[in-house]
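Engineer: With our numbering applied, the sequence shown covers 191 to 580.
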Amino acid sequence: MKKSFRYTMFALLYFSQGSIMAYFTALNALYLRSFGIGMGKVGVIGTIALIPFVLKIFLGMLSDKVNLFGFGFRKPYIVVGLFIQAACLLIVPLINPAQDFILYALLAFVMMSGMALYDTCTDGLALDSTPKAEEGIIQGFMVGGRAAGMVITSSLLGLVVQNISWSAGFIFLAVVTLLPLPMVLKVKEGERSQDARFDWGAFKSFGQSHVIALGVLGALYSLIINGASQLVNPFLTEKFQIDFATAGYIATVLGLGTILGGLIGGSITDRIGQKRSVQVAVISTIIGVGVLSFISAPWMAWLLVFIFGFSFGFYETVYFAISMDITDGRIAATMFSILMAVANIGTGIGLGLTGFLSDGLGFTFTFFILAALNILALPLLKVIFVEEKI
Numbered sequence: 191m192k193k194s195f196r197y198t199m200f201a202l203l204y205f206s207q208g209s210i211m212a213y214f215t216a217l218n219a220l221y222l223r224s225f226g227i228g229m230g231k232v233g234v235i236g237t238i239a240l241i242p243f244v245l246k247i248f249l250g251m252l253s254d255k256v257n258l259f260g261f262g263f264r265k266p267y268i269v270v271g272l273f274i275q276a277a278c279l280l281i282v283p284l285i286n287p288a289q290d291f292i293l294y295a296l297l298a299f300v301m302m303s304g305m306a307l308y309d310t311c312t313d314g315l316a317l318d319s320t321p322k323a324e325e326g327i328i329q330g331f332m333v334g335g336r337a338a339g340m341v342i343t344s345s346l347l348g349l350v351v352q353n354i355s356w357s358a359g360f361i362f363l364a365v366v367t368l369l370p371l372p373m374v375l376k377v378k379e380g381e382r383s384q385d386a387r388f389d390w391g392a393f394k395s396f397g398q399s400h401v402i403a404l405g406v407l408g409a410l411y412s413l414i415i416n417g418a419s420q421l422v423n424p425f426l427t428e429k430f431q432i433d434f435a436t437a438g439y440i441a442t443v444l445g446l447g448t449i450l451g452g453l454i455g456g457s458i459t460d461r462i463g464q465k466r467s468v469q470v471a472v473i474s475t476i477i478g479v480g481v482l483s484f485i486s487a488p489w490m491a492w493l494l495v496f497i498f499g500f501s502f503g504f505y506e507t508v509y510f511a512i513s514m515d516i517t518d519g520r521i522a523a524t525m526f527s528i529l530m531a532v533a534n535i536g537t538g539i540g541l542g543l544t545g546f547l548s549d550g551l552g553f554t555f556t557f558f559i560l561a562a563l564n565i566l567a568l569p570l571l572k573v574i575f576v577e578e579k580i
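#1: Within a Cβ cutoff of 6 Å, which residues of the same chain sit near Ile539, ignoring the five residues on either side of it in sequence?
#2: Quick one, are the C-beta atoms of Leu421 and Ser548 less than 7 Å apart?
#3: In whole angstroms, give me the CA-to-CA distance for Gly226 and Ile210.
#4: At the level of alpha carbons, what is the spacing between Lys579 and Leu349?
#5: What alpha helix (DSSP H) runs, 4 residues minimum, are completely inside the segment 458–489?
#6: Would Tyr509 and Met332 qualify as a contact pair, given that the criterion is a beta-carbon distance under 7 Å?
#7: Does Ser513 come out as helix, strand or coil in the three-state DSSP assignment?
#8: Would DSSP call Gln289 helix, strand or coil?
#9: With C-beta atoms as the reference, is Gly250 less than 7 Å away from Ser527?
#10: Going by C-alpha distance, which of Ala364, Trp356 and Leu222 is nearest Gly271?
#11: Determine the DSSP secondary structure at Ile241, reduced to helix, strand or coil.
#12: Under 7 Å, do Asp254 and Ile454 count as touching if we go by C-beta distance?
#13: Could you pull out every residue in the same chain whose Cβ sits closer than 7 Å to the Cβ of Thr517, ignoring the five residues on either side in sequence?
#14: Which term fits Leu566, buried or exposed, when burial requires 16 or more other beta carbons within 10 angstroms of its beta carbon?
#15: Roughly how many angstroms separate the alpha carbons of Met199 and Thr475, rounded to a whole number?
#16: To the nearest angstrom, report how far apart Tyr213 and Ser344 are at their CA atoms.
#17: Are the beta-carbon atoms of Leu341 and Thr442 separated by less than 7 Å?
#18: Which residue spans inside the segment 259–334 form an unbroken alpha helix (DSSP H) run of at least 4?
#19: Just to confirm my understanding: we take Gly480, look at its own chain, exclude 5 residues before and 5 after, and list those with CB closer than 7 Å. What are they?
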């Protein structure tokens with residue numbers, strides 16, 4: 191695959207993922223509420239939708255091990271996952287969640303399973319096809335593509351729903367889902383070398399100290415970044431009484447910062463090396479999270495939230511690039527998905543912890559605490575890079 195083709199395809203695949211994430215984070219609750227469904231059941235749907243991303247470890251193992259009908263280890267699974275997601279989106283308007291809530295919940299699970307399948311195998315294809323010198327930039331395109339999907343789709347989907355209907359909105363999402371399909375169909379997977387074939391012995395890698403330390407780093411960065419992210423709009427609402435529209439614009443600015451941080455972070459990682467890039471990411475996150483505490487006027491929010499978004503995208507890209515490099519080719523998709531799962535555990539802890547801290551100490555002190563937690567990354571770097579594995 192040509193470089194430009196790979197970059198575009200991976201960005202589009204993550205754009206499709208970001209588009210569905212935009213629906214679940216911004217509009218799913220509104221859709222269900224329009225049927226008179228309470229927030230308790232809305233939360234149940236959110237939890238069910240996350241389950242496939244725990245099970246994706248097994249999807250990665252399947253992709254590493256099974257060449258589906260001789261069509262490849264990655265491509266056919268990506269195609270199947272995209273079609274599952276698109277088909278579920280077209281079925282959604284046919285179900286009344288107030289009358290058939292269990293059926294709607296099952297559909298949400300199947301749809302997110304489709305996403306988890308193509309997400310895992312997209313990562314696997316990136317691991318299989320990306321030269322070491324391009325690991326940073328490819329992750330920049332993927333992180334940026336997902337953020338772009340969330341930003342652009344949130345706005346367009348809202349307009350479609352408001353001016354046409356929810357049914358048109360789901361059709362729009364189905365079309366967006368299939369945007370990368372023509373490029374995926376052109377992919378030709380090469381034969382696997384002997385050292386890239388599935389081997390249960392490769393799981394011993396998880397016992398190595400630098401792999402364990404990288405997992406801890408993933409949980410730490412995810413706790414800090416995602417924990418801070420969930421506080422931005424509640425903090426601004428409490429301080430300046432911003433309305434829902436302004437909150438949406440703030441989220442867009444954060445997303446734009448994430449896109450830029452991902453693209454620049456990927457380029458810098460390939461240029462200066464992964465260890466130095468993590469050090470830069472730690473410093474930028476201390477600044478990006480810390481400055482949120484200094485928002486004292488509404489106009490400051492636009493700039494400082496953008497800076498935070500930039501640090502978000504930068505750090506995430508660097509972590510993903512390191513995870514790519516550290517994976518064992520024999521279980522590439524499996525190992526990468528496990529490292530991502532550990533990071534997701536950090537997110538879960540961070541969301542709960544920051545909610546508790548902000549209630550008890552206030553938003554300002556919570557931002558300071560999160561910024562200071564970045565210092566814990568420094569001793570981990572000595573373990574991750576000690577054997578020059580990365």
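Every residue, glycine too, gets a C-beta built ideally from N, C-alpha and C.
Structural biologist: Put simply:
#1: Taking the sequence shown and counting its residues from 1, the one referred to as residue 539 is at position 349. Hits under 6 Å: Leu413.
#2: In the sequence shown, residue 421 corresponds to position 231, counting from 1. In the sequence shown, residue 548 corresponds to position 358, counting from 1. Closer than 7 Å, so yes.
#3: If you number the sequence shown from 1, residue 226 lands on position 36. If you number the sequence shown from 1, residue 210 lands on position 20. A direct Cα-Cα distance of roughly 22 Å separates Gly226 from Ile210.
#4: Position 389 of the sequence shown holds residue 579. Position 159 of the sequence shown holds residue 349. Low confidence applies here, because Lys579 scores a pLDDT of 45, under 50, leaving its location unreliable; read the following figure in that light. The straight-line gap from Cα to Cα measures roughly 48 Å.
#5: 464–480
#6: Locating residue 509 in the sequence shown gives position 319, counting from the first residue. Locating residue 332 in the sequence shown gives position 142, counting from the first residue. No. Outside cutoff.
#7: For the purposes of this step, residue 513 is identified with residue 323 of the sequence shown, where counting begins at 1. Helix, per DSSP.
#8: The count along the sequence shown starts at 1 and reaches residue 289 at position 99. Coil at Gln289, not helix or strand.
#9: Within the sequence shown, numbered from 1, the residue matching residue 250 stands at position 60. Within the sequence shown, numbered from 1, the residue matching residue 527 stands at position 337. Contact: yes.
#10: On the sequence shown, residue 271 is found 81 positions in, with the first residue counted as 1. Cα-wise, what sits closest to Gly271 is Ala364.
#11: Here residue 241 corresponds to residue number 51 of the sequence shown, with the count starting at 1. Coil at Ile241, not helix or strand.
#12: Taking the sequence shown and counting its residues from 1, the one referred to as residue 254 is at position 64. Taking the sequence shown and counting its residues from 1, the one referred to as residue 454 is at position 264. Not closer than 7 Å, so no.
#13: The residue you call residue 517 lines up with position 327 of the sequence shown. Leu317, Met525 and Phe526, listed in sequence order.
#14: In the sequence shown, residue 566 corresponds to position 376, counting from 1. When all chains shown are included, Leu566 counts as exposed.
#15: For the purposes of this step, residue 199 is taken as the residue at position 9 of the sequence shown. For the purposes of this step, residue 475 is taken as the residue at position 285 of the sequence shown. Met199 and Thr475: Cα-Cα distance of roughly 29 Å.
#16: Your numbering for residue 213 matches position 23 in the sequence shown. Your numbering for residue 344 matches position 154 in the sequence shown. Going from the Cα of Tyr213 to the Cα of Ser344 covers about 7 Å.
#17: Position 151 of the sequence shown holds residue 341. Position 252 of the sequence shown holds residue 442. Checking the sequence, you will find Val at residue 341 rather than Leu. Yes, they are a contact pair.
#18: 265–281 and 291–319, all fully within the segment 259–334.
#19: By one-based count along the sequence shown, residue 480 stands at place 290. Hits under 7 Å: Phe557, Phe558 and Ala561.
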